[in-house]
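Heads up: the sequence shown begins at 1277 in my numbering, then just goes up one per residue. We put the beta carbon where it would ideally sit given N, CA and C, even for glycine. One structure below.
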Amino acid sequence: MSIPCLRLLRDHVEGLVTDGTVEPTIGRGVYAYAATLLRLAEDGDRDPALALREATSAAGFLATIARLPPARPRTWSPS
C-alpha cells in the first residue's frame, strides 16, 4: 500500500513544480528525494512505510516554503 502512495506523492510534487506552485529549486530537490525513496522501497532496500513518512515530511516542508520573488537586477557600483 505504501509504494502506490509514494508514487502518488512523487507525481503530486512533480505537478506542483511544473505548475510553478512551489519554489522550483527546492521542489526539484524534494521530487528527487521522493523518487529516490520510491526506488529504494521498490528495490527492498528501504521499508516502504518509513519511506512514505520521510517523503511526506519533505513534501510538507516544501508546502511551508514561500515562493521567492523573481530576482531583480542589481546595479554595480565600485566602492
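With at least 16 other beta carbons inside 10 angstroms of its own, G1303 counts as buried. Look at the stretch 1283-1329 and you find these whole runs of alpha helix (DSSP H), each 4 residues long or longer: 1300-1319.
The Cβ atoms of L1285 and T1332 lie closer than 8 Å to each other. Separation of the CB atoms of A1327 and L1282 is rounded to 6 Å, and the pair is thereby assigned contact status at 8 Å.
Taking a C-beta distance under 8 Å as the contact criterion, A1325 and V1306 do not qualify as a contact pair.
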